[in-house]
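**Student:** One structure, pasted below without further comment.
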Amino acid sequence: MTRNAKDTPKFPHSHLLGIEGLSAPEITLLLDRAESYVEQNRQADKRKTLLRGRTIINLFFEASTRTITSFELAGKRLGSDVINMAVSASSMQKGETIVDTAMTLNAMHPDVIAVRHQDSGAVKLLSEKVNCAVINAGDGKHEHPTQALLDALTIRRRKGKLAGLQVAICGDIAHSRVARSNIHLLNAMGATVRLIAPKTLIPPDIAKMGADVFYDMNQGLQNCDIVMMLRLQTERMHSNFFPSIREYFHFFGLTYDKLANAKPDALVMHPGPMNRGVEIDSEVADDIGRSAIREQVEMGVAVRMACLEVLTGNMPEPN
Amino acid sequence: MALKPGISSNKVAYINARLLDPASGTDTAGALLSEGEIIADIGPKLFNSGVPDGIQVIDCAGLCLCPGLVDMRVQLREPGYEHQGTIASDGESAVTGGITSMVCLPNTAPVIDDMSVVEFVARRARLVGLTKVYPYGAVTKGLAGQELAELGLLAQSGALAFTDGIKAVADAQVMRRALSYAATFGLLIIQHPEEPSLSAGGDMNPGELSTRLGLSGIPREAEIIMVERDIRLTEMTGGRLHFAHLSTADAIAKVRDAKSRGLNITCDTAPPYFSLNELSIGEYRTFAKLSPPLRSEDDRQAVVAGLCDGTIDAIASDHTPQDEESKRLPFAQAGFGGVGLETLLAVSLEIYHNGKLPLLDVLKHLTSAPADLLNLPAGRLEKGRRADLMIFDPERAWKVNADDLISKSKNTPFDGRPLQGIVMRTVIDGRTVFEYEA
């Protein structure tokens with residue numbers, strides 16, 4: 001099966017470094033392509049040959065289970081060769097910089113590199129040193145575009161639209177690349193964004209990115225369609241942002257009580273991995289009627305397949 | 320340069336010059352005569368009836384002749400980090416920028432907290448024979464912020480003033496003792512005003528851009544709080560204190576107030592802080608990662624205002640060489656600082672070209688003002704002084720290209736910027752050490 005020129009979607013970017021800068025039609029294109037893979041992924045035969053001959057490298061400088069697995073499956077289901085490289089902090093300490101790593105990998109002629117790195121901007125830096133397409137699989141506190149896309153796909157499937165929805169993003173906004181990518185995407189698609197967190201976890205001037213800020217969860221959740229919880233990223237915290245887990249959960253953990261402020265059919269989401277009993281009550285997280293958390297994981301594979309498809313769609317055909 | 324035949328004397332006549340001497344307020348057409356290392360004569364009428372035989376003549380063609388620049392804040396990487404810059408390579412860079420005297424920070428390896436290192440730097444600079452180098456001594460041993468270095472002995476061996484360089488003296492008691500002890504000998508303490516517990520882990524000015532980029536903030540208050548504290552400690556001890564590279568409106572306001580109360584407090588700033596703002600970081604440009612960080616546009620304008628009303632005494636380059644390996648990194652990992660010797664004059668002249676300050680006043684910030692702060696016999700066009708001179712064309716346009724810099728390290732925050740004003744000739748002790756070649 002070869003790619004048919006007329007159904008090749010046109011994506012005008014050579015990399016996917018962030019949601020910022022993507023237009024609503026470009027986001028819709030990615031979501032539509034992802035939608036087409038959802039059904040395929042539920043079949044017994046999940047393989048396509050669209051990317052046969054292509055090489056994809058998943059370069060992860062930061063620990064990850066679900067994202068790297070998701071990228072790997074996405075690549076394999078499209079028929080490409082996939083290599084996972086987990087670069088631990090210790091091997092970076094041997095002195096090789098991200099630019100060295102980029103140039104080494106580039107010499108092996110990959111077609112796409114999906115990169116996760118602990119520093120904001122690191123994926124952009126790498127993209128400047130390679131000839132292939134680069135997908136940002138999460139850089140520091142900056143962006144995590146495929147997460148925002150899979151969140152959007154999940155919402156669109158459940159709610160039938162994005163425009164006009166009230167979306168609350170709750171928790172560790174300051175250290176969250178997921179929050180930033182979602183703010184960009186939801187604004188581009190016409191949804192309204194609220195951010196709810198203690199003041200220490202709200203970064204300066206974030207309202208200017210297009211969001212209303214709340215410090216009270218009951219208030220912030222009023223009439224929301226979507227409740228996105230974020231993981232507390234204690235590994236990125238250099239000092240005390242709140243007094244204790246107990247206090248945090250009391251004021252900002254998602255419970256049925258607090259959720260009652262949202263619309264009755266409000267959807268609960270979480271990018272994972274969850275800290276149960278910290279930012280979200282286990283019962284809420286596991287409530288099949290309310291929680292879309294497992295569906296988010298499923299959409300992740302489809303979204304990454306769409307990203308691989310559109311980025312390689314601009315490349316010359318193999319052979 | 321026209322060398323008359325048969326010249327045997329060591330006299331040089333600089334004719335057809337626009338003489339600019341900020342200290343005396345001179346701005347006049349005229350000439351200058353150097354004899355050996357000294358300015359022998361100067362004035363509007365000098366050589367009106369021609370230059371006598373036996374004198375070498377340099378025709379300035381109407382360009383500006385002023386004292387060589389005095390740069391009071393330069394990081395040299397020798398001894399210890401010669402791959403980033405040496406006294407010779409930064410000396411070449413400095414003379415290209417018209418700088419005839421520069422004062423270096425003690426953050427070398429070894430640290431300049433011992434007389435032997437002061438003497439080493441002085442000896443190396445003499446051997447190189449380019450821009451004169453004067454060292455600052457460390458306030459505390461090893462720049463560790465705890466025990467006082469031998470301030471008195473270091474001063475006797477040639478340390479001009481005392482600073483812990485790119486680190487603040489953070490402990491209030493240590494700062495109090497340093498100011499108080501230094502006052503015993505009338506010595507000046509120079510502070511990098513930044514409260515480290517507030518700046519730790521920060522990359523840039525906090526605000527919409529840092530939030531968008533996912534970078535951590537270094538709040539303005541880190542600078543303001545340290546300036547407020549140290550003004551009080553200066554008042555308490557009767558010491559002399561100078562704040563380096565101020566970047567925020569509030570800190571400048573505090574200094575303005577302290578000066579009006581008669582305290583012995585001075586300050587400087589560096590070209591990035593009156594010429595650029597945080598937007599220069601764009602998408603993670605590490606060459607614009609500076610310490611203190613580039614601030615908001617309001618702060619930039621406050622720095623310009625501080626220069627105009629004299630609250631800010633001097634402009635220093637804040638020259639900070641970083642090799643490519645230190646800058647070609649994710650923003651959070653990249654080193655702080657930019658090179659600045661070769662752009663010091665032209666960026667400073669922006670204030671003149673923008674009509675904010677007369678040419679003489681801009682030059683004062685770069686010559687007599689820093690020289691006076693440090694009691695250096697430099698920065699003046701005066702009979703009997705050392706002939707440390709600069710000839711420049713204030714109008715000539717050029718564009719900064721990092722790769723074209725003489726400096727060994729290329730990390731300029733001004734890469735690609737069009738500037739106006741170029742150094743045509745630099746003279747140290749009567750000897751031409753740099754001449755512009757198109």
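Protein sequences appear in the order of chains A and B. First residue of the first sequence: 1, per the numbering used here; consecutive thereafter. First residue of the second sequence: 320, per the numbering used here; consecutive thereafter. Glycine included, C-beta positions come from ideal geometry on N, C-alpha and C.
Taking the continuous beta strand (DSSP E) assigned at Asp734(B), which residues delimit it?
**Tutor:** Position 415 of the second sequence, counted from the first residue, corresponds to residue 734(B). Taken as a continuous stretch (DSSP letters only), Asp734(B) belongs to no beta strand (DSSP E), as it is neither H nor E.
**Student:** Report the residue from Leu664(B), His638(B), Glu754(B), Gln652(B) whose alpha carbon sits nearest the alpha carbon of Asn426(B).
**Tutor:** Residue 426(B) sits at position 107 when you count from the first residue of the second sequence. For Asn426(B), the closest C-alpha among the options Leu664(B), His638(B), Glu754(B), Gln652(B) is that of His638(B).
**Student:** Just curious, the alpha helix (DSSP H) that Pro515(B) is in, first and last residue?
**Tutor:** As a first step, residue 515(B) is located in the second sequence; it is residue number 196 there, counting from the start. First-last of the alpha helix (DSSP H) with Pro515(B): 515–518.
**Student:** Which parts of the region 635–711 of chain B are runs of the alpha helix (DSSP H), unbroken and 4 residues or longer, counting only runs that do not cross its ends?
**Tutor:** 643–646, 663–672, 678–685, 687–692
**Student:** Which stretch, first to last residue, makes up the beta strand (DSSP E) that contains Val331(B)?
**Tutor:** Stepping through the second sequence from its first residue, residue 331(B) is reached at position 12. Start and end: 330–340.
**Student:** Quick one: what does DSSP say Cys307(A) is sitting in, helix, strand or coil?
**Tutor:** By 1-based counting over the first sequence, the position of residue 307(A) is 307. Looking at Cys307(A) - three-state DSSP - the assignment turns out to be helix.
**Student:** Who are the near neighbours of Leu149(A) in its chain, counting only those whose CB is closer than 6 Å to its CB and skipping five residues on each side?
**Tutor:** The count along the first sequence starts at 1 and reaches residue 149(A) at position 149. Leu30, Val303.
**Student:** Check whether the Cβ atoms of Ala211(A) and Val193(A) lie closer than 7 Å to each other.
**Tutor:** As a working note, residue 211(A) is residue 211 in the first sequence. As a working note, residue 193(A) is residue 193 in the first sequence. Val193(A) sits close to Ala211(A), with the two beta carbons spaced by under 7 Å.
**Student:** If we ignore side chains and look at the alpha-carbon of each, how far apart do Gly160(A) and Thr154(A) end up?
**Tutor:** Looking up residue 160(A) in the first sequence gives position 160. Looking up residue 154(A) in the first sequence gives position 154. Rounded to whole angstroms, the separation of the alpha carbons of Thr154(A) and Gly160(A) is 10 Å.
**Student:** Hey, is Ala122(A)'s beta-carbon within less than 7 Å of any beta-carbon in chain B?
**Tutor:** Within the first sequence, residue 122(A) is the residue found at index 122, counting from 1. Chain B contact via Cβ: present.
**Student:** On a Cα-Cα basis, can you pick out the residue from Ala570(B), Ile361(B), Val752(B) that is closest to Ala413(B)?
**Tutor:** Counted from its first residue, the second sequence places residue 413(B) at position 94. Cα-wise, what sits closest to Ala413(B) is Val752(B).
**Student:** Run down chain B in chain order and give the residues with a C-beta less than 8 Å from the C-beta of Met209(A).
**Tutor:** Residue numbering aside, residue 209(A) sits at position 209 when the first sequence is read from its first letter. Here the neighbours are Glu527, Thr530, Arg531.
**Student:** Beta carbon of Thr630(B), beta carbon of Val666(B): below 7 Å?
**Tutor:** In the second sequence, counting from the first residue as 1, residue 630(B) sits at position 311. In the second sequence, counting from the first residue as 1, residue 666(B) sits at position 347. Their beta carbons are not under 7 Å apart, which means Thr630(B) does not touch Val666(B) by this criterion.
**Student:** Output the residue ranges of the alpha helix (DSSP H) runs that lie fully inside the region 2–56 of chain A and measure 4 residues or longer, sorted by chain position.
**Tutor:** 24–42
**Student:** Quick one: give me the first and last residue of the beta strand (DSSP E) that Thr347(B) is part of.
**Tutor:** Indexing the second sequence from 1 puts residue 347(B) at position 28. Start and end: 345–354.
**Student:** Taking all protein chains shown into account, do 16 or more other C-beta atoms lie within 10 angstroms of the C-beta of Gly138(A), making it buried, or fewer, making it exposed?
**Tutor:** The sequence position of residue 138(A) within the first sequence is 138, counting from 1. Around the beta carbon of Gly138(A), 16 or more other beta carbons sit within 10 angstroms, so the residue counts as buried.
**Student:** In chain A, what lies closer than 8 Å to Phe650(B) by C-beta?
**Tutor:** Translated into the one-based positions of the second sequence, residue 650(B) becomes position 331. Correct list: Asp119, Ser120, Gly121.
**Student:** At least one CB of chain B closer than 7 Å to the CB of Asn4(A): is that the case?
**Tutor:** For the purposes of this step, residue 4(A) is identified with residue 4 of the first sequence, where counting begins at 1. Note that Asn4(A) has pLDDT 49, beneath the 50 cutoff, so the model's placement of it is unreliable and the number below is only indicative. No, its Cβ sits nowhere closer than 7 Å to a Cβ of chain B.
**Student:** Determine, using beta carbons only, whether Arg704(B) and Ile358(B) come nearer to each other than 7 Å.
**Tutor:** As a first step, residue 704(B) must be located in the second sequence, where it is residue number 385. As a first step, residue 358(B) must be located in the second sequence, where it is residue number 39. Yes. Within cutoff.
**Student:** Around the C-beta of Tyr256(A), are 16 or more other C-beta atoms found within 10 angstroms, so that it is buried, or is it exposed?
**Tutor:** Indexing the first sequence from 1 puts residue 256(A) at position 256. Classification of Tyr256(A): exposed, given that the 10 Å Cβ count is below 16.
**Student:** Tell me whether Ala321(B) is buried or exposed, calling it buried when 16 or more other Cβ atoms sit within 10 Å of its Cβ.
**Tutor:** Within the second sequence, numbered from 1, the residue matching residue 321(B) stands at position 2. Bear in mind that the predicted position of Ala321(B) carries a pLDDT of just 48, short of 50, making it unreliable; the figure below should be weighed with that in mind. The residue is exposed, with fewer than 16 neighbouring Cβ atoms inside 10 Å.
**Student:** Please state the DSSP three-state secondary structure of Thr630(B).
**Tutor:** As a position in the second sequence, residue 630(B) is number 311, starting the count at 1. Looking at Thr630(B) - three-state DSSP - the assignment turns out to be coil, as it is neither helix nor strand.
**Student:** Please report the distance separating the alpha-carbon of Val376(B) from that of Asp549(B).
**Tutor:** Translated into positions along the second sequence, residue 376(B) becomes position 57. Translated into positions along the second sequence, residue 549(B) becomes position 230. Whole-angstrom Cα-Cα distance: 51 Å.
**Student:** Using a Cβ-Cβ cut-off of 7 Å, state whether Gly581(B) counts as contacting chain A.
**Tutor:** On the second sequence, residue 581(B) is found 262 positions in, with the first residue counted as 1. False, the Cβ-Cβ gap to chain A never drops below 7 Å.
**Student:** Name the residues in the region 134–165 of chain A whose C-beta lies less than 8 Å from a C-beta of chain B; which are they?
**Tutor:** Asp139, Gly140, Lys141, His142, Glu143
**Student:** With distances taken between CB atoms, is the gap from Ala102(A) to Val123(A) smaller than 7 Å?
**Tutor:** Within the first sequence, the letter at position 102 stands for residue 102(A). Within the first sequence, the letter at position 123 stands for residue 123(A). No, the Cβ-Cβ distance between Ala102(A) and Val123(A) is not below 7 Å.
**Student:** Show which residues of chain A have a CB atom less than 8 Å away from the CB atom of Gly355(B).
**Tutor:** Along the second sequence, read from residue 1 onward, the residue named residue 355(B) stands at position 36. In chain order: nothing, as chain A lies at least about 52 Å away.
**Student:** Starting from the Cα of Ala589(B), find the closest Cα among Phe733(B), Cys385(B), Ala342(B), Asn329(B) and give me that residue.
**Tutor:** The residue given as residue 589(B) occupies position 270 in the second sequence. Ranking the options by Cα distance to Ala589(B), first place goes to Phe733(B).
**Student:** Hey, how far is the Cα of Met1(A) from the Cα of Thr49(A)?
**Tutor:** Here residue 1(A) corresponds to residue number 1 of the first sequence, with the count starting at 1. Here residue 49(A) corresponds to residue number 49 of the first sequence, with the count starting at 1. Confidence in Met1(A) is poor, its pLDDT being 42 and thus under 50, which makes the residue's placement too unreliable to answer from.
**Student:** Using beta carbons (cut-off 7 Å, strictly below), is Gly521(B) in contact with chain A?
**Tutor:** By 1-based counting over the second sequence, the position of residue 521(B) is 202. It does not; no Cβ of chain A falls within 7 Å.
**Student:** So which of Tyr500(B), Gly381(B), Ser353(B) has the shortest CA-CA distance to Met555(B)?
**Tutor:** Here the question's residue 555(B) lines up with position 236 in the second sequence. The candidate whose alpha carbon is nearest that of Met555(B) is Tyr500(B).
**Student:** Quick check on DSSP: helix, strand or coil for Met274(A)?
**Tutor:** In the first sequence, the residue the question calls residue 274(A) occupies position 274. It is coil, neither helix nor strand.
**Student:** Using a Cβ distance threshold of 8 Å, determine whether the region 689–705 of chain B contacts the region 591–605 of chain B, with at least three qualifying pairs required.
**Tutor:** no
**Student:** Within 10 angstroms of its Cβ, does Lys718(B) collect 16 or more other Cβ (buried), or is it exposed?
**Tutor:** Taking the second sequence and counting its residues from 1, the one referred to as residue 718(B) is at position 399. By the 10 Å Cβ count, Lys718(B) comes out exposed.
**Student:** Thinking C-beta only, is Gly659(B) closer than 7 Å to Ser645(B)?
**Tutor:** On the second sequence, position 326 is the one that residue 645(B) refers to. On the second sequence, position 340 is the one that residue 659(B) refers to. Cβ distance not < 7 Å, so Ser645(B) and Gly659(B) don't count as in contact.
**Student:** Should Gly657(B) and Thr731(B) be called a contact, given that it needs their Cβ atoms to be closer than 7 Å?
**Tutor:** For the purposes of this step, residue 657(B) is identified with residue 338 of the second sequence, where counting begins at 1. For the purposes of this step, residue 731(B) is identified with residue 412 of the second sequence, where counting begins at 1. Yes, the Cβ-Cβ distance between Gly657(B) and Thr731(B) is below 7 Å.
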